Amino acid sequence: GNILENATTQHFVPRLPLPQMREDTIEAYFYSLNFWFDATGIVADITKFNIVLASVPPSKLMELRTIVDAAPHTNKYGYIRAKLLENFTESQQRRLQRVLREMPLGERRPSSFYNEMKRAAGTTLSESILHDLWITQLPTYTQAAIIATNVPIVEKLKIADSITESIKLRQGDCSELCTVQQSTDQDLRAEIAALKQRLDQVVSDNVHRFR
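As structure tokens, this is what we get:
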């Protein structure tokens with residue numbers, strides 16, 4: 001009874017669903033897959049290799065065809081794992097860079113905008129790439145000042161904020177002056193129109209008087 005029970009226990013393979021492969025969580029996929037291999041008793045290199053490729057979305061698999069065809073005869077799983085991690089991480093970085101480039105600065109302070117970009121990027125992008133993306137989103141006059149300074153990013157954020165505040169103040173003064181100028185022009189036009197109307201009335205009265 002014990003012998004049969006032990007044999008049954010040793011050969012029992014649980015039916016666990018395969019971890020789902022996604023480009024944005026590729027590292028987590030392989031981490032989970034290692035536990036899945038252990039739980040299901042799969043140890044053969046070629047089997048692991050084939051399981052990974054069977055998990056790749058068909059459209060993505062066609063992109064990776066040259067990589068798959070170049071797989072070595074030994075350590076196939078280690079090879080495809082390294083290649084997928086590299087490929088998917090690069091794809092994620094490109095996608096994230098595109099998203100960050102499309103983020104508008106709007107009315108935010110440059111430092112707040114940088115921190116928001118940093119939160120969105122997480123650990124996917126290096127600080128140098130994030131810094132370059134941030135600069136491209138700033139107004140031209142701020143870009144020039146930031147590029148010319150060779151200081152830590154914390155100081156650059158302060159400089160960018162100061163420039164933005166200064167420009168806003170100037171624009172505010174300008175808008176007030178423009179409003180005053182506009183109202184003055186409108187008053188002059190109104191006075192001219194009133195004078196013209198009175199002159200027309202005088203001319204009209206004189207014409208009627210001489211008839």
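Numbering (the UniProt record's numbering), first residue to last: 1 to 211. Backbone N, C-alpha and C fix where the C-beta goes; we use that ideal spot for every residue, glycine too. All figures in this text were calculated on a predicted structure; none of them were measured in a lab.
- With a threshold of 16 other beta carbon atoms within 10 Å, R81 meets it and is buried.
- By the CB criterion at 8 Å, A71 and L96 fall outside the cutoff.
- A144 is not a Cβ neighbour of I159, given a cutoff of 8 Å.
- As for any alpha helix (DSSP H) of minimum length 4 sitting wholly inside the UniProt domain "DUF7041" (29 to 100), the runs are 45 to 55, 58 to 63, 65 to 69, ordered along the chain.
- For the options P110, Q92, P57, S128, the alpha carbon positioned closest to that of Y141 is the one of P110.
- Assigned with DSSP and collapsed to three states, N115 falls in helix.
- Collapsing the DSSP output to three states places T124 in coil.
- Going by C-alpha positions, L138 is about 7 Å away from L105.
- Here the alpha carbons of W134 and Y114 stand approximately 6 Å from one another.
- When the beta-carbon positions are compared, D45 and K83 stay at least 8 Å from each other.
- When the Cα atoms are used, I51 and R94 turn out to be separated by approximately 27 Å.
- Ranked by Cα distance from T25, the options V56, L16, F37 are led by V56.
- At the C-beta level, T40 and L16 come within 8 Å of one another.
- Leaving aside the five residues that flank V43 on each side, the residues in its chain whose CB is nearer than 8 Å to its CB run, in chain order, F37.
- Within the same chain, and ignoring the five residues on either side of E155 in sequence, the residues whose Cβ sits closer than 8 Å to its Cβ are T149.
- Here E27 is not near L100, since their CB atoms are 8 Å or more apart.
- Here Y29 is near M21, since their CB atoms are less than 8 Å apart.
- With 16 or more other CB atoms across the displayed protein chains lying within 10 angstroms of its CB, T164 is buried.
- Across the structure, E107 and D161 are spaced so that their CA atoms are roughly 12 Å apart.
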